[in-house]
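Notes follow once the structure below has been shown.
Numbering (mature numbering (1 follows the signal peptide of the UniProt record, and there is no 0)), first residue to last: -20 to -1, 1 to 310.
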């Protein structure tokens, strides 16, 4: 075998593990430097999580691989936090510590999976996107955080689609305790584009520019309440929604699930579960004057309009930008 052909074989053998799936990438994350050689199975941050015991899916099994002291993902209150989401660290600004080096494509800097179509990150196209979420726990000790402690504070319904992805931070987020907060990225993709796969990446975070001290309400389990044509439900049941602070969607694992939907009806970070696009502005203890228990016939809750932030200009600009996102080429 010639040197050139040997090199080509080596390069081609690397591609399957380099591209496909996706995760958030930032030095503040747990497992930032985990590779496919770190564990006795492929446990890179981009590897999907399904049918796993709690110790393996929670924080992706990366709690023993924390970020360096002082590495935080900053979350500016009332403004967007821009995350990088990619199939490989080499496709991000942090390529220098990637085992494969820089694989970014200069002509397409916003591509999630360089030289691959959207199938590589589990979507048939823009209309097949199912949203991603960021959640927060006001505890600096990630090892002490439990699934019930996380509150979803921002949703991007057109995720995963671009490498640079904005998550709008609620204006009233209170400051983190000394040592910062613990956050996580969550994503469940469309059933049209792969198996029953969950994605979770934990990271250290800090709220900046906080002007409110009102705590977050205790998060509850989300409920499937929107129009659901895939299951023959053509109309939403607004009274059946969980309003206010909600936990992330934990699904299709061996233990600690809070979602029990079937194989072909995964839960999503969309209106289907009352995860509205943008900042989750109603997650605070004083967000509602009246919040009845959800049921198909329950009346709607009453917002406290003197405390809940109205949609920001940034949120309105983001909604206007959805159509522009459709034109991203792969």
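Beta carbons are placed, not taken as given, at the ideal position from N, Cα and C, and that holds for glycine. The structure presented is a predicted model; accordingly, all values stated were derived computationally and were not measured.
Item: Looking at the secondary structure, which residues open and close the alpha helix (DSSP H) in which residue 35 lies?; Value: 34 to 37
Item: Measuring straight from C-alpha to C-alpha, what distance separates residue 243 and residue 171?; Value: 8 Å
Item: Does residue 42 pass the burial test, meaning 16 or more other C-beta atoms within 10 Å, or should it be called exposed?; Value: buried
Item: What separation, rounded to the nearest whole angstrom, lies between the Cα atoms of residue 181 and residue 258?; Value: 20 Å
Item: When we look at the beta-carbon of residue 280 and count the other beta-carbons within 10 Å, is it buried (16 or more) or exposed?; Value: exposed
Item: Within the continuous beta strand (DSSP E) that includes residue 121, where are the two ends?; Value: Note, residue 121: premise wrong, no beta strand (DSSP E); not H, not E.
Item: Is the beta carbon of residue 69 within less than 6 Å of some heavy atom of the ligand MG?; Value: Questions concerning the ligand MG fall outside what the structure shown contains, since it holds no ligand whatsoever.
Item: Report all residues from its chain with a CB closer than 6 Å to the CB of residue 233; omit the five preceding and five following residues, and keep chain order.; Value: 32 and 37
Item: I need the DSSP call for residue 208, collapsed to helix, strand or coil.; Value: strand
Item: Can you tell me whether residue 100 is helix, strand or coil according to DSSP?; Value: Residue confidence is low: residue 100 scores 49 on pLDDT, short of 50, so the model does not pin down where it sits. No coordinate-derived value is stated.
Item: Tell me, please, which residues DSSP counts as bridged to residue 56.; Value: 188
Item: Would you say the segment 54 to 61 touches the segment 187 to 207, given that touching needs at least three Cβ pairs under 8 Å?; Value: yes
Item: Anyone know if the C-beta pair for residue 184 and residue 202 falls short of 7 Å?; Value: no
Item: If you follow the beta strand (DSSP E) that residue 135 is in, where does it begin and where does it stop?; Value: 131 to 136
Item: Give me the DSSP bridge partner(s) of residue 159.; Value: Answer is none; residue 159 lacks a bridge partner.
Item: Would you report the Cα separation of residue 197 and residue 256, rounded to the nearest angstrom?; Value: 17 Å
Item: According to the Cβ coordinates, are residue 238 and residue 230 closer than 7 Å?; Value: yes
Item: Candidates 261, 275, 277 and 85: which alpha carbon is nearest residue 283's?; Value: 261
Item: Here's the rule: buried if 16 or more other CB atoms are within 10 angstroms of the residue's CB, otherwise exposed. What is residue 77?; Value: exposed
Item: How should residue 273 be labelled, buried or exposed, when 16 other C-beta atoms within 10 angstroms of its C-beta is the threshold for buried?; Value: exposed
Item: For residue 107, which residues of its own chain have a beta-carbon under 7 Å away from its beta-carbon, when the five flanking residues on both sides are left out?; Value: none
Item: Can you tell me the Cα-Cα spacing of residue 146 and residue 136, whole angstroms?; Value: 7 Å
Item: Going by DSSP, what residues sit across from residue 269 in a beta bridge?; Value: Partner(s): none; residue 269 has no beta bridge.
Item: Measuring CB atoms only, is the segment 151 to 160 touching the segment 69 to 84, in the sense that at least three cross pairs come out at less than 8 Å?; Value: no
Item: When the Cα of residue 248 is compared with those of 207, 235, 271 and 73, which residue comes out closest?; Value: 207
Item: Look at the Cβ atom of residue 72, then the Cβ atom of residue 5, and state whether they are nearer than 7 Å.; Value: yes
Item: Can you round the beta-carbon distance between residue 144 and residue 62 to whole angstroms, since I take them to be within the 8 Å contact cut?; Value: 6 Å
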